[in-house]
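Start counting at 1 in the sequence shown, then tack on 5, and there's your number in my numbering.
Idealized CB from N, CA, C, for every residue including glycine.
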Amino acid sequence: MKRRWHITSQDGTVTLARQLPARFDVAARADLPPGRPLRLAHQIRQDLWRVMRNVRGFSPVVRLAPTGTGWAVTAGGRAIGRISADTEATIEALLNDTTKRARWVAQARMTS
Numbered sequence: 006m007k008r009r010w011h012i013t014s015q016d017g018t019v020t021l022a023r024q025l026p027a028r029f030d031v032a033a034r035a036d037l038p039p040g041r042p043l044r045l046a047h048q049i050r051q052d053l054w055r056v057m058r059n060v061r062g063f064s065p066v067v068r069l070a071p072t073g074t075g076w077a078v079t080a081g082g083r084a085i086g087r088i089s090a091d092t093e094a095t096i097e098a099l100l101n102d103t104t105k106r107a108r109w110v111a112q113a114r115m116t117s
């Protein structure tokens with residue numbers, strides 16, 4: 006079976022992208038508490054795709070960089086067409102949605 010997502014890791018930073026090289030034509034940033042990075046990235050990517058699926062040629066990219074308190078998340082991606090002025094605000098709203106954040110963190114919770 007063909008691998009669908011590219012996962013790169015360097016110095017603790019994990020990037021999940023559909024296409025390489027990973028490129029952010031549009032992006033927003035947020036901080037999340039600790040958790041399994043790949044699980045977090047996939048959860049965020051799924052919701053990102055749901056809100057961005059009508060953007061022509063959009064391909065999601067999620068990058069998680071370690072911080073002292075968890076993860077600095079950059080979410081966005083590449084697009085073939087024009088990116089409207091409110092696209093970044095849409096991604097930012099997604100990253101700050103308390104219900105989605107709680108679900109992402111719960112799904113990525115570290116187990117002992």
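*asked:* Just list the residues that DSSP pairs Ile12 with in beta bridges.
replied: Residue 12 sits at position 7 when you count from the first residue of the sequence shown. Paired residues: Leu21.
*Integer-rounded CB distance, given that Leu99 should sit under 8 Å from Leu53*: Mapped onto the sequence shown, residue 53 falls at position 48. Mapped onto the sequence shown, residue 99 falls at position 94. Contact flag correct, Cβ pair sits at about 6 Å.
*What are the residues that DSSP puts in a beta bridge with Leu43?*
The residue labelled residue 43 in the question sits at position 38 within the sequence shown. Answer is none; Leu43 lacks a bridge partner.
*Hey, quick one: how far does the beta strand (DSSP E) through Arg34 stretch, first residue to last?*
Stepping through the sequence shown from its first residue, residue 34 is reached at position 29. Here the beta strand (DSSP E) through Arg34 covers Val31 to Leu37.
*Would you give the residue range spanned by the beta strand (DSSP E) that Arg83 belongs to?*
Numbered from its first residue, the sequence shown carries residue 83 at position 78. From DSSP, the beta strand (DSSP E) with Arg83 extends over Gly75 to Arg83.
*Taking the alpha helix (DSSP H) that Arg68 falls in, what are its first and last residues?*
For the purposes of this step, residue 68 is taken as residue 63 along the sequence shown, with counting starting at 1. Arg68 -> not in any alpha helix (DSSP H); beta strand (DSSP E) instead, spanning Ser64 to Thr72.
*Please list, in chain order, all residues of the same chain as Val67 whose beta carbon is under 6 Å from its beta carbon, the five residues on each side excluded.*
Reading the sequence shown from its first residue, position 62 is the one you call residue 67. Same-chain partners within the cutoff: Leu21, Ala46, Ile49, Arg50 and Ala80.
*Assuming Val56 and Thr104 form a contact by the criterion Cβ under 8 Å, report the distance between their Cβ atoms to the nearest whole angstrom.*
As a working note, residue 56 is residue 51 in the sequence shown. As a working note, residue 104 is residue 99 in the sequence shown. Not quite, the Cβ-Cβ distance comes to about 14 Å (not below 8 Å), so this is no contact.
*Please report how far the alpha carbon of Gly73 lies from the alpha carbon of Gly40, in whole angstroms.*
Within the sequence shown, the letter at position 68 stands for residue 73. Within the sequence shown, the letter at position 35 stands for residue 40. Answer to the nearest angstrom: the Cα atoms are 13 Å apart.
*Are the beta-carbon atoms of Asn101 and Ala27 separated by less than 8 Å?*
In the sequence shown, the residue the question calls residue 101 occupies position 96. In the sequence shown, the residue the question calls residue 27 occupies position 22. In this structure, Ala27 does not lie closer than 8 Å to Asn101 by Cβ.
*What are the boundary residues of the alpha helix (DSSP H) that Ala94 is part of?*
Position 89 of the sequence shown holds residue 94. Note, Ala94: alpha helix (DSSP H), Thr92 to Leu100.
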